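Just so you know, the sequences run in chain order W and L. 1409 is the number that this note's numbering gives the last residue of the first sequence; the numbers go up by one with no jumps. 344 is the number that this note's numbering gives the last residue of the second sequence; the numbers go up by one with no jumps. Reading through the structure tokens given below for one structure.
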Amino acid sequence: MSRWQRRRLINALAASVVVLCAAVAVAVLLIILGHVAIQGLPSLNVAFFTERPLPPGEVGGGVAPAILGTLEMLAVAATIGIPVGVATAIYLSEYGRGNLARAVSFTIDLIAGLPSIVIGVFVWAWLVRNVVGQYNGLAGGVALAIIMVPILTRTVEETLRIVPDPLREASLALGIPRWKTILRVVLPTAQAGVITGVVLSLARAGGETAPLLLTALGNQFFNLDLLQPTAALPIQIYNYARSPYADWQAKAWGGALVLITLIGVLSALTRWAIARRTRVV
Amino acid sequence: MAAGAHAALTPALSPTAREFGSGANRGDRVFEGVVSLVAACVPLLLLGIIVLLLLDALPALVRFGGTFLTQTSWDPVKEEFGAAAYIYGTVVTSLIALLLAAPVGVGCALFIAEYSPLWLRAPVSFLIELLAAIPSIIYGLWGFFILAPIMRGAVEPLLKNSLGNVPVLGALFSGPAVGRDLLVAGVVLSIMILPTITAVSREILRAVPDTQREGMLALGATKWETIRKAVVPYARSGIVGAAILGLARALGETMAVTMVIGNSSTQIRPSLFTPGYTMASAIANQFTEADKEIYFSAIVSVALVLLAVAAVMNIAARLLVWRVARGPGAM
């Protein structure tokens, strides 16, 4: 084999290895999604979405309190996380300079890298033990908000940064104050990025389990009081999966399918929103 | 993760229009004050996390000192606590994950950045990023019901029969195959960190200037030679950064690991077929069981160690990624 042939052979081999890597990654994704769909579908019925869990041994019931609880806590997380995340992004992109900006930017990265269980321990020590005195949904929502903020801030900040300066200058030249320029010109222009950030961070928070185990704890009953232990879909999946009952294990797969569908729908909605509303970005 | 990776590559913006009109009227001062105040809460939050954990960890840290990191005995009855076995479990599972995911992840990034036809680029990127969107608990469920039986029934016996008798290496694959052990946890983790490594490496490869490639190709190099000799060396520290970011994600993963690692042994054995604990899974499993102050304090100490390790890894990774993103001057 000539030198040139050998080089070509190695080139072709390398290319096929690279293609194989991508194929393996995509295949793993499809296998996991396939398993969730196949195992989860049979346990989905009306009762699954409307009834509360039954005691072990009784077949039937559903995970409605868990779905409700997840929505409750996501609402709390969004109420806290969206204003904080967007304001921090505005600060970093429009004002941030000097030591405070550097500290904020640095700590955003560090908080993004914190294991979620550590955030759970922190919120337990702060809200569950010191403020409320028992496991509660509010603490769960706060933990999820802490997980949301870095993702939201980074996404919004990046979009704000690519809003062209002439837009700001045009607005300021008309005598519009800076704060109004930011809220009425810059932020609407970056709308797609803000929506993406909100949905991305909500999707991420909605699937979190570990911090909720230490804060919301879970609940088998319907509960609208956020100062009581609150159910959540990921916790319900965890508890059902570990149980020895076939019916509960099947419901764990059903819950997983609902959770994945929820996250998938959220992501699809974002893409749709971006496609429709994209102006500059 | 993808968002974070992107942020690392965003260059600092030059102050131009953003400086205009500041402080012009009261509305501006109020608005700037409010957003600055909110932003200032972020460092305060991190400080709060560290202080609160430190306060709760203090009793155990004072009582056990350095032995907390070196002792394997974790005995709530005798009130002896050492986290060495948890640290060992974390390190081993994360390293297995890195060993499996780093080559495949970099391969995926190379495919997307260098090999893929244009029309395939976005779909493949999207699908691999979907792996990052799947919640940890679903990886746990899948690992628990689907992967664990396969590992126990096929993969682990195969490893044992083929490598079990090799000196030194064989010790890793000894003992009964249980399917709930360090190896299975490592495999699940490798899937979970794959999108992180791919996304960051892909951005890094994109930051390599085309002149690098063109120069090499013009000399008559094949595509692979170009990648190996001109692209990868330029991107090397960034790719290492990507791997460390993946490692950092693996260290802190809780639910998926908790479901497949077995949560039993607190001994350090060489075999990867040992059911064990990681730091994160130990916290998740024992947090609500801690009935004594010193027991609880020991668990919070584990959380504190985890926080410190995650912080160090993230800082190191970001420094490496920045170096590439900033361009050749920083090499």
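Think of the CB as a built atom: it goes at the ideal place given N, C-alpha and C, for glycine as much as any other residue. Source: prediction; values computed, not measured.
Given this structure, state the Cα-to-Cα distance separating residue i from residue j, to the nearest angstrom.
i, j, result
"Ile1402 (chain W)", "Gly1321 (chain W)", "8 Å"
"Val1232 (chain W)", "Ala1217 (chain W)", "10 Å"
"Gly183 (chain L)", "Leu112 (chain L)", "18 Å"
"Leu196 (chain L)", "Thr287 (chain L)", "8 Å"
"Gln1364 (chain W)", "Thr1198 (chain W)", "10 Å"
"Leu1172 (chain W)", "Val117 (chain L)", "36 Å"
"Trp335 (chain L)", "Val191 (chain L)", "43 Å"
"Lys1308 (chain W)", "Ile328 (chain L)", "36 Å"
"Leu144 (chain L)", "Val213 (chain L)", "14 Å"
"Ile151 (chain L)", "Ala263 (chain L)", "16 Å"
"Gln1262 (chain W)", "Val181 (chain L)", "51 Å"
"Thr1178 (chain W)", "Met1201 (chain W)", "19 Å"
"Ser35 (chain L)", "Leu59 (chain L)", "In this prediction, Ser35 (chain L) has a pLDDT of 49, which is less than 50 and means its spatial position is unreliable; what the coordinates show is noted afterwards. Approximately 29 Å between the Cα atoms of the pair."
"Gly1269 (chain W)", "Val1214 (chain W)", "18 Å"
"Leu232 (chain L)", "Thr239 (chain L)", "10 Å"
"Glu227 (chain L)", "Ala220 (chain L)", "15 Å"
"Ala1153 (chain W)", "Ala303 (chain L)", "40 Å"
"Leu218 (chain L)", "Met229 (chain L)", "16 Å"
"Leu171 (chain L)", "Cys54 (chain L)", "53 Å"
"Ala295 (chain L)", "Gly1188 (chain W)", "33 Å"
"Gly1346 (chain W)", "Glu45 (chain L)", "40 Å"
Anything in chain L within Cβ reach of residue i, meaning under 7 Å, just list it in chain order.
i, result
"Phe1250 (chain W)", "Ile62, Leu65 and Leu66"
"Tyr1223 (chain W)", "Glu45, Val48 and Ser49"
"Pro1357 (chain W)", "Within 7 Å Cβ-Cβ: nothing; Pro1357 (chain W) doesn't reach chain L, min ~12 Å."
"Val1111 (chain W)", "Residue 1111 (chain W) lies beyond the residue range present for chain W, which begins at 1129 and ends at 1409; the question has no answer from this structure."
"Leu1341 (chain W)", "Ala297"
"Thr1216 (chain W)", "Val51, Ala52 and Val55"
Residues of chain L with a CB under 8 Å from the CB of residue i: which are they?
i, result
"Gly1226 (chain W)", "None at all; the shortest Cβ gap to chain L is about 11 Å."
"Tyr1219 (chain W)", "Val48, Ser49, Val51 and Ala52"
Is the Cβ-Cβ distance between residue i and residue j less than 8 Å?
i, j, result
"Ser86 (chain L)", "Gly79 (chain L)", "no"
"Gly265 (chain L)", "Ala323 (chain L)", "yes"
"Ser149 (chain L)", "Met268 (chain L)", "yes"
"Ile1245 (chain W)", "Ala293 (chain L)", "yes"
"Pro1357 (chain W)", "Ala1344 (chain W)", "yes"
"Gly1168 (chain W)", "Ala1384 (chain W)", "yes"
"Pro56 (chain L)", "Thr1235 (chain W)", "yes"
"Leu207 (chain L)", "Ala114 (chain L)", "yes"
"Leu202 (chain L)", "Thr106 (chain L)", "yes"
"Phe157 (chain L)", "Ala1369 (chain W)", "yes"
"Leu1394 (chain W)", "Val1284 (chain W)", "no"
"Ser187 (chain L)", "Ser277 (chain L)", "no"
"Arg331 (chain L)", "Asp1375 (chain W)", "no"
"Arg1306 (chain W)", "Leu1300 (chain W)", "yes"
"Leu108 (chain L)", "Ala1253 (chain W)", "no"
"Trp1381 (chain W)", "Val1164 (chain W)", "yes"
"Gly1266 (chain W)", "Leu1255 (chain W)", "Per the sequence shown, the amino acid found at residue 1266 (chain W) is Leu instead of Gly. Their beta carbons are under 8 Å apart, which means Leu1266 (chain W) touches Leu1255 (chain W) by this criterion."
"Ser310 (chain L)", "Ala98 (chain L)", "no"
Can you name the residues of chain L whose CB is closer than 9 Å to the CB of residue i?
i, result
"Trp1381 (chain W)", "Leu154 and Phe158"
"Ala1384 (chain W)", "Pro148, Ile150, Ile151, Leu154 and Trp155"
What does residue i touch in chain W if you count any residue whose Cβ is under 8 Å from its own?
i, result
"Asn38 (chain L)", "Pro1305"
"Ser310 (chain L)", "Near Ser310 (chain L) there are no residues of chain W at all, since even the closest Cβ is about 11 Å away, more than 8 Å."
"Thr235 (chain L)", "Arg1135, Arg1136, Ile1138 and Asn1139"
"Ala53 (chain L)", "Leu1228 and Val1232"
"Val2 (chain L)", "The structure shown does not extend to residue 2 (chain L), since chain L is modelled only from 14 to 344, so the question has no answer here."
Residues of chain W with CB closer than 9 Å to the CB of residue i, please, in chain order.
i, result
"Tyr128 (chain L)", "Ala1143, Val1146, Val1147 and Ala1150"
"Ile141 (chain L)", "Ala1150, Ala1153, Val1154 and Leu1157"
"Ser149 (chain L)", "Ser1244, Gly1335, Glu1336, Thr1337, Ala1338 and Pro1362"
"Lys305 (chain L)", "Ordered by position in chain W, no residue passes the 9 Å Cβ test against Lys305 (chain L), which lies about 15 Å from the chain."
Residues from the stretch 185–210 of chain L in contact with chain W, defined by Cβ distance under 9 Å: Ile204, Leu207 and Pro208
Interface residues of the stretch 239–259 of chain L facing chain W [CB-CB below 9 Å]: Ile240, Arg241 and Leu258
Whole alpha helix (DSSP H) elements within the stretch 1325–1366 of chain W, 4-residue minimum: Correct list: 1338–1343.
Alpha helix (DSSP H) runs wholly inside the stretch 63–132 of chain L, at least 4 long, in chain order: 80–83 and 97–123
Interfacial residues, the stretch 283–302 of chain L to chain W, with Cβ spacing under 7 Å: Ala293, Ile296, Ala297 and Phe300
Continuous alpha helix (DSSP H) assignments of at least 4 residues falling wholly in the stretch 271–317 of chain L: 292–299
Positions along the stretch 323–343 of chain L whose CB lies within less than 9 Å of some CB in chain W: Ala323, Ala324, Met326, Asn327, Ile328, Ala330 and Arg331
Unbroken stretches of the beta strand (DSSP E), 3 residues or longer, contained in the stretch 200–278 of chain L: none
Those runs of the alpha helix (DSSP H) which lie wholly inside the stretch 1214–1259 of chain W and span at least 4 residues: 1226–1241 and 1244–1251
Contacting positions in the stretch 1388–1399 of chain W - beta carbon closer than 7 Å to chain L: Ile1388, Ile1391 and Ser1395
Complete runs of the alpha helix (DSSP H) confined to the stretch 1263–1324 of chain W [at least 4 residues]: 1265–1289, 1293–1301 and 1306–1309
Under 9 Å (Cβ pairs) to chain W, residues found in the stretch 82–98 of chain L: none
Residues, ordered as in the chain, of the stretch 67–78 of chain L that lie near chain W by beta-carbon distance below 9 Å: Leu68 and Asp69
Near-chain W residues of the stretch 267–282 of chain L (beta-carbon distance less than 9 Å), N- to C-terminal order: Answer in chain order: Thr267, Met268, Thr271 and Met272.
Members of the stretch 1154–1186 of chain W near chain L, C-beta cut-off 9 Å: Val1154, Val1156, Leu1157, Leu1158, Ile1159, Ile1160, Leu1161, His1163, Val1164 and Gln1167
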